[in-house]
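Numbering (my numbering), first residue to last: 26 to 612.
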């Protein structure tokens, strides 16, 4: 089919394992470059938390990953076995993931800010035989639940020190440093079927239990193709993705895509702030920065003086992921960072970018863009429950522009997830009539641009009208007294649901009745009385998933007080420690 040409072209650009032995992500990301003219090109540039910068060439990265693979082989780990990583950004995470893939084993990145129980649940669901983590994370988050992980045979501690096979951690956890030093650097990747399991990414589990989305080695086709089309990525770029390695973005574009292009991949160790972001962009000479609207808002809040103190002259593109990028924030980023700004849409399940605003800047401000070449999208008619209508296994696209519906993608792209671990029924429910149902509501305008409305679960049905929270939140954030906003539905005896909002005041703004009245009037003026919130509550923080997304269902459950407090409100965030500094799970 014509829409498959982009994938066919990307396949031709990849090397494949020598001797026609299949396709392996790690070979395309590391070994083929190490065996060619890019062997001495810098593959990883890691900015350590202590200020040191560590650089590894492709040849050095190949050797490091070979050694890790030999360690796994010595533990009896081979094709199909699962290896979990509980690590922050750093060389160690990159080596562990790529070394696992070289073994034909399956990498399962976990979010390092998870507490012990989420770590246990995901490690158990993955049936991981090996877990790679740090001594500190092991002590706090693994050791307390290790007795309840009978299938976890080995815990490997990075920078653990001490002789091989012994650490101060107890319960069988061993230091990795000595094991790596004694391992040879001559691994030959076994034959790898493109459809073999390669990665398991867990969603944040905002509804129900976390879902383990399974991806295969063929996903590298999409990683390479989408990075070139949506991010303009090439071999001479210095690329930085701020997403945490525990989320799909941190693997698809934080590990695989830049290395598959032979580019230099920047990694920032430890938690960051706007000053450290700016310093990294400048000192590394980043040319393409893939980050989140949350990070851009924090930069904007820090002020232009911070940016003026750093030379960002090499930055040629800023790309956004994880949540909608509103037009005002994109305009600020273009001006302040001096580079074009594009938005991208995709999900854990899609494995790669599916929709993006073009690099030529032709997309209208605030839109999602259009489907990438090779991606066929449709907007499906909705039922009363706000989800696509499925009858006899068939769906119906909407007729005409401007009608809201559920975004669907024609199944079959290379990075499409292949199942949910242990839940085929849940996986099957994601598809109908050959389409993957995303659960996101959009509308398509007369020119073919897609506009995000919200998650189907978050859309507010007020008097028969579907209101997307994103539009309401965007208007509220334009008010100078608002730092963050979330819109959600609350029960209403007449309309069914009424639009409500929770607002985090900007620094210096005084929450109270006067500001509340001002915000309600501001919203009615820009949205109209049928869409504007009827009530506004002031909170100190919004509830978020581990990947930073607003949990509107928590706000719905709490409701909005009929007489909200006039001097602020209670924090609505379940646990600050589970929030990343930037980036996160693709929306």
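Where a beta carbon is used, it is the ideal one built from N, C-alpha and C, also for glycine.
Ranked by Cα distance from residue 178, the options 164, 343, 199 and 165 are led by 199. Residue 250 is bridged by DSSP to nothing; it lacks a bridge partner. In the same chain as residue 96, and ignoring 5 residues on each side of it, the C-beta atoms closer than 6 Å to its own belong to 204 and 208, in chain order. Linking residue 575 to residue 363 through their CA atoms gives a straight-line distance of about 29 Å.
Within a 10 Å sphere around the beta-carbon of residue 299 sit 16 or more other beta-carbons, which makes this residue buried.
In the DSSP secondary-structure assignment, residue 361 is not bridged to any residue. For residue 32, the enclosing alpha helix (DSSP H) starts and ends at 30 to 38. When C-alpha distances from residue 250 are compared across 368, 559 and 33, the shortest belongs to 33.
DSSP places residue 440 outside both helix and strand once states are collapsed to three, so it counts as coil. Burial check for residue 395: the Cβ neighbour count within 10 Å reaches 16 or more, so the residue is buried. The straight-line gap separating the alpha-carbon atoms of residue 49 and residue 468 is approximately 38 Å.
In the three-state reduction of the DSSP assignment, residue 133 falls in the strand class.
Residue 75 and residue 334 have their alpha carbons spaced roughly 21 Å apart.
Secondary structure at residue 283: helix, using DSSP grouped into helix, strand and coil. The continuous beta strand (DSSP E) containing residue 345 extends over residues 342 to 345. In the DSSP annotation of this structure, residue 511 is not part of any alpha helix (DSSP H); the continuous beta strand (DSSP E) holding it starts and ends at 507 to 517. Per the DSSP secondary-structure output, residue 477 pairs in a beta bridge with 467.
Fully contained in the stretch 146 to 179 are the following beta strand (DSSP E) runs of length 3 or more, in chain order: 155 to 158. Cα atoms of residue 486 and residue 401: separation of roughly 29 Å, rounded to the nearest angstrom.
If you draw a 10 Å sphere on the C-beta of residue 367, you find 16 or more other C-beta atoms in it, and that means buried. Contact between the stretch 501 to 519 and the stretch 429 to 447 is absent, with fewer than three C-beta pairs closer than 8 Å.
Between the C-alpha atoms of residue 162 and residue 113 there is a straight-line separation of about 10 Å. Between the stretch 376 to 396 and the stretch 404 to 416, the count of Cβ pairs shorter than 8 Å is below three; the stretches do not touch. Across the structure, residue 436 and residue 346 are spaced so that their CA atoms are roughly 22 Å apart. Between the beta-carbon of residue 445 and that of residue 271 there is about 18 Å, and that puts the pair past the 8 Å contact cut. Taken through DSSP and simplified to helix, strand or coil, residue 564 comes out as coil. Minimum Cα-Cα distance from residue 460 among the listed residues 352, 484, 128 and 403 corresponds to 403.
Residue burial is scored here from C-beta neighbours: residue 311 has at least 16 other C-beta atoms within 10 angstroms and is therefore classed as buried. Straight-line measurement puts the Cα of residue 43 at about 32 Å from the Cα of residue 372. Measuring C-alpha to C-alpha distances from residue 505 to each of 457, 450 and 535 identifies 535 as the nearest.
A check of alpha carbon separations from residue 323 across 358, 477 and 164 identifies 358 as the nearest.
For residue 141, the secondary structure class from DSSP, reduced to helix, strand or coil, is helix.
41 is the residue among 472, 478 and 41 whose C-alpha sits nearest the C-alpha of residue 242.
In the three-state DSSP reduction, residue 558 falls in the coil class, being neither helix nor strand.
Here residue 498 carries a helix assignment [DSSP, helix/strand/coil].
Bounds of the beta strand (DSSP E) holding residue 71 are 67 to 72.
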